[in-house]
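See below:
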């Protein structure tokens, strides 16, 4: 599965979680959001927890996937336990792709990281870093999040050393820095540098928009998401555009963006939740 397909899958799952984590009437006040962002800037450096590893995240993920695929993964895991050095990387790639196929970035990330440590190839480090960032996005476990961030930083550090000019590596590293909380401004600076060189860079623009939302800068967020939508209509930027408009009190614009998001999602359950948001805005 291609990275972009994985990211889209993760985005939809993340949005579903976000939809059900917030009350219909819940609005984040800009001052509160700004304080939260400032607090994140003083957070300790994200560190890896040894209890969050390939085995633990795989065990948590298996009940959430198709039973047949889970059995296939278990069979590959058993083969890996007894495999010789020559066969390990092949089995690790098969396992990483299997987890990718069911949109489970956490176990895939650990397998790609193992591969990257063996190969020291740019693509493998990027695969690991991108999936650790995606795993962070889906997780609500702070211990797991710290582990994902620490591993993402390591992966993108290796990638930038191999190819210092890589915009993908800079973007991933910037996202990881902000997610980690210890160096948010350094992360934002990396993302702004990427956008300066490539104003339409999807991942950099999307994340700058999301970070603008978290800091209560909703006008800036709107501009970022509109830039993305002008390139291609997608679920994630439309959803966050709607949220940003809602925070700004622009009800009609928020409703229109929610409607478009619902249309693109094509998910009846998520659509019902979005309808609740729209109904509240129409009052």
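Residue numbers (this note's numbering): 5 to 287. Even glycine gets a Cβ: it sits at the ideal position worked out from N, Cα and C.
My output table needs one value for residue 87: the three-state DSSP class, helix, strand or coil. Under the three-state reduction of DSSP output, residue 87 falls in the coil class, being neither helix nor strand.
Residue burial classification, residue 196 (beta-carbon count within 10 angstroms, cutoff 16): Under this definition residue 196 is an exposed residue.
Starting from the Cα of residue 51, find the closest Cα among 242, 211, 153 and give me that residue. Here the closest residue by C-alpha is 153.
Taking the C-alpha atoms as reference points, what is the distance between residue 56 and residue 62? Their Cα atoms are separated by approximately 10 angstroms.
Could you work out which residue in 133, 222, 94, 233 is closest to residue 160 when comparing CA atoms only? Cα-wise, what sits closest to residue 160 is 133.
So, are the CB atoms of residue 113 and residue 53 less than 9 angstroms apart? The answer is no: Cβ separation not under 9 angstroms.
Inspect the beta-carbon positions of residue 194 and residue 225 and report whether they are closer than 9 angstroms. For residue 194 and residue 225, no; Cβs fall outside 9 angstroms.
Rounded C-alpha distance that separates residue 43 from residue 94: Confidence at residue 43 is low in this model, with a pLDDT of 34, below 50, so the placement of that residue is unreliable and no value is reported for it.
Measuring only the C-alpha atoms, how far is residue 162 from residue 124? In a straight line, the C-alpha of residue 162 is about 8 angstroms away from that of residue 124.
In whole angstroms, what is the alpha-carbon distance linking residue 181 and residue 115? A straight line joining the alpha-carbon of residue 181 with that of residue 115 spans about 22 angstroms.
With distances taken from CA atoms, which of 140, 260, 168 is nearest residue 108? Answer by Cα proximity: 140.
Taking only the alpha-carbon atoms, compute the straight-line gap between residue 47 and residue 90 and give it to the nearest angstrom. In this predicted model, residue 47 has a pLDDT of only 43, less than 50, meaning its place in the structure is not dependable; the value taken from the coordinates is given anyway. For residue 47 and residue 90, the distance between alpha carbons rounds to 42 angstroms.
Beta-carbon separation of residue 211 and residue 175 under 9 angstroms? Yes, they are a contact pair.
Secondary structure of residue 185, DSSP reduced to three states: Here DSSP, grouped into helix, strand and coil, assigns residue 185 to coil.
Any idea what DSSP makes of residue 254, helix, strand or coil? Coil, per DSSP.
Using 8 angstroms as the cut-off, classify the Cβ of residue 126 as near or not near the heavy atoms of the ligand ADP, replying yes or no. No copy of the ligand ADP appears in this structure; indeed no ligand is present at all.
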